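Data block below; observations after.
Listed below in structure tokens is the structure:
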């Protein structure tokens, strides 16, 4: 059961990083969203790609995301995982539900310029170990227990005379505590089907620079997310309820995974702009 729970805990670290896209918020303007998401999984993927059937594992998360324009070309971003709750439907019930605050992500984005219809931006993000890595004796933590970060360069453009958009980006990920560094990447395409409704398709992922097993076993469960890799795809619907607020519905499905409890994620969020 201990090794199974360790693998389940890795799914905590598959949350989307703070991402503003390559467009600036504008000085004094902002975008803020509160969201709730649910993961359900009965499949555990080992570091070598082997799939194991497991009892139902669920995880819920409530998060607050914000992007605020500090200046014309500078945007601050933050992601606050105010609640992370996970549970394994095991029998006998060795692991009870664990709930707590997650790891805060904060960053800053700089506009790099434009070329024709394309705009470019670079973003640096730091993840702080504000979650509790000791939950269930380290088996179901709410955080990784180490500092992490990434530097991403993105390129985006409008489509169809402003009815649509797309962006793509990627860059290195840095992890403390001896965890493998890697590459983070993502892309999105969207289209306004009406004045108030837009459809989007997104992908994001992480790939470590090495999948080689560590030579020495770790002495603690901190950073059990080592060698996690995934590619996630999914559609979204955005509905502008008013001129400054709306709802966003997301579904995410795992196309590729390593060292992860793999299952669909469904998310609903309410956003405000100013």
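Numbering (my numbering), first residue to last: 131 to 404. The beta carbon of each residue, even a glycine, is placed where N, CA and C say it ideally should be. In this text, all values refer to a predicted model and were calculated from it rather than measured experimentally.
| task | Counting only runs of 3+ residues fully inside the region 157 to 192, write out the beta strand (DSSP E) ranges in chain order. | result | Entirely contained in the region 157 to 192, the beta strand (DSSP E) runs reaching 3 residues are, in chain order, 160 to 175.
If you check the beta carbons only, do residue 205 and residue 215 fall under 8 Å apart?
Residue 205 sits at position 75 when you count from the first residue of the chain shown. Residue 215 sits at position 85 when you count from the first residue of the chain shown. Residue 215 sits away from residue 205, with the two beta carbons spaced by 8 Å or more.
* **Extent of the continuous beta strand (DSSP E) run through residue 209** => Residue mapping note: residue 209 aligns to position 79 of the chain shown, counting from 1. For residue 209, the uninterrupted beta strand (DSSP E) run begins and ends at 204 to 218, by DSSP.
*Cβ of residue 171 within 8 Å of Cβ of residue 335?*
The residue labelled residue 171 in the question sits at position 41 within the chain shown. The residue labelled residue 335 in the question sits at position 205 within the chain shown. Contact flag unset, no.
Exposed unless 16 or more other CB atoms sit within 10 angstroms - verdict on residue 227: Taking the first residue of the chain shown as 1, we reach residue 227 at position 97. Flag for residue 227 reads exposed.
**Report entry** Spatial distance of residue 179 from residue 360 (CA atoms)
**Finding:** What you label residue 179 is simply residue 49 of the chain shown in a count that begins at 1. What you label residue 360 is simply residue 230 of the chain shown in a count that begins at 1. Their Cα atoms are separated by approximately 11 Å.
Pair within 8 Å by beta-carbon distance, residue 401 and residue 381: What you label residue 401 is simply residue 271 of the chain shown in a count that begins at 1. What you label residue 381 is simply residue 251 of the chain shown in a count that begins at 1. In terms of Cβ geometry, residue 401 and residue 381 do not form a close pair [threshold 8 Å].
If we call anything under 8 Å between Cβ atoms a contact, is residue 249 one with residue 299? On the chain shown, residue 249 is found 119 positions in, with the first residue counted as 1. On the chain shown, residue 299 is found 169 positions in, with the first residue counted as 1. No, they are not a contact pair.
Next item on the list: For residue 262, collect the residues of the same chain with a Cβ closer than 8 Å to its Cβ; drop the 5 residues on either side in sequence, then sort them by chain order.
Entry: Counting from one through the chain shown, the residue named residue 262 turns up at place 132. Correct list, in chain order: 230, 231, 271, 272, 273.
Quiz item: Which two residues bound the contiguous beta strand (DSSP E) that contains residue 319?
Solution: What you label residue 319 is simply residue 189 of the chain shown in a count that begins at 1. From DSSP, the beta strand (DSSP E) with residue 319 extends over 312 to 322.
Check your understanding: For residue 245, does the three-state DSSP call read helix, strand or coil?
Key -> Position 115 of the chain shown holds residue 245. In the structure shown, residue 245 sits in a strand (DSSP, three-state: E or B).
* Who are the Cβ neighbours of residue 288 in its own chain at under 8 Å, not counting the five residues just before and after it? -> In the chain shown, counting from the first residue as 1, residue 288 sits at position 158. Cβ neighbours of residue 288 within its own chain (closer than 8 Å, five residues either side excluded): 247, 294, 295.
Identify whether residue 343 lies in helix, strand or coil by the three-state DSSP scheme.
Counting from 1 along the chain shown, the entry for residue 343 is found at position 213. Residue 343 carries a coil assignment under DSSP once its states are collapsed to helix, strand and coil.
Local Cβ density within 10 Å of residue 267, reported as buried at 16 or more and exposed below that
Taking the chain shown and counting its residues from 1, the one referred to as residue 267 is at position 137. Per the 10 Å Cβ criterion, exposed.
(Q) My output table needs one value for residue 266: the three-state DSSP class, helix, strand or coil. (A) For the purposes of this step, residue 266 is taken as the residue at position 136 of the chain shown. The DSSP-derived three-state label of residue 266 is helix.
*asked:* Only counting the same chain, and skipping five residues up and downstream in sequence, which positions put a Cβ closer than 6 Å to that of residue 165?
replied: Taking the chain shown and counting its residues from 1, one reaches residue 165 at position 35. If you ignore the 5 residues before and after residue 165, its C-beta comes within less than 6 Å of the C-beta of 193, 397, 399, all in its own chain and listed in chain order.
For residue 284, I'd like the list of residues in its chain whose CB is within less than 6 Å of its CB, leaving aside the five on either flank, ordered along the chain.
Counting from 1 along the chain shown, the entry for residue 284 is found at position 154. Take residue 284, set aside five residues on each side of it, and the residues of its chain with a beta-carbon closer than 6 Å to its own are 152, 251, 297, 299, in chain order.
Helix, strand or coil for residue 308 per DSSP?
For the purposes of this step, residue 308 is identified with residue 178 of the chain shown, where counting begins at 1. Here residue 308 carries a coil assignment [DSSP, helix/strand/coil].
CB-CB under 6 Å to residue 167, same chain, minus the five flanking residues each way: which ones, in chain order?
As a first step, residue 167 is located in the chain shown; it is residue number 37 there, counting from the start. Answer for residue 167: 191, 395, 397, listed in chain order.
Checklist entry - Based on the DSSP output, what are the partners of residue 391 in its beta bridges? => result Reading the chain shown from its first residue, position 261 is the one you call residue 391. Per DSSP, 174.
Residue 259 versus residue 195: straight-line alpha-carbon distance, rounded: Residue numbering aside, residue 259 sits at position 129 when the chain shown is read from its first letter. Residue numbering aside, residue 195 sits at position 65 when the chain shown is read from its first letter. Between residue 259 and residue 195, the C-alpha separation is close to 17 Å.
Mark residue 278 as exposed unless 16 or more other C-beta atoms lie within 10 angstroms of its C-beta, in which case mark it buried.
-> Counting from 1 along the chain shown, the entry for residue 278 is found at position 148. If you draw a 10 Å sphere on the C-beta of residue 278, you find 16 or more other C-beta atoms in it, and that means buried.
Mapping DSSP to helix, strand and coil, what is residue 490?
The chain is shown only over 131 to 404; residue 490 falls outside these bounds and no answer can be derived.
- prompt: residue 383 by DSSP, collapsed to three states: which one?
  reply: By 1-based counting over the chain shown, the position of residue 383 is 253. Three-state result, residue 383: strand.
Q | Cβ-Cβ separation, residue 302 to residue 276 (assumed contact under 8 Å), whole Å | A | As a working note, residue 276 is residue 146 in the chain shown. As a working note, residue 302 is residue 172 in the chain shown. With a Cβ gap of about 16 Å, residue 276 and residue 302 do not count as contacting.
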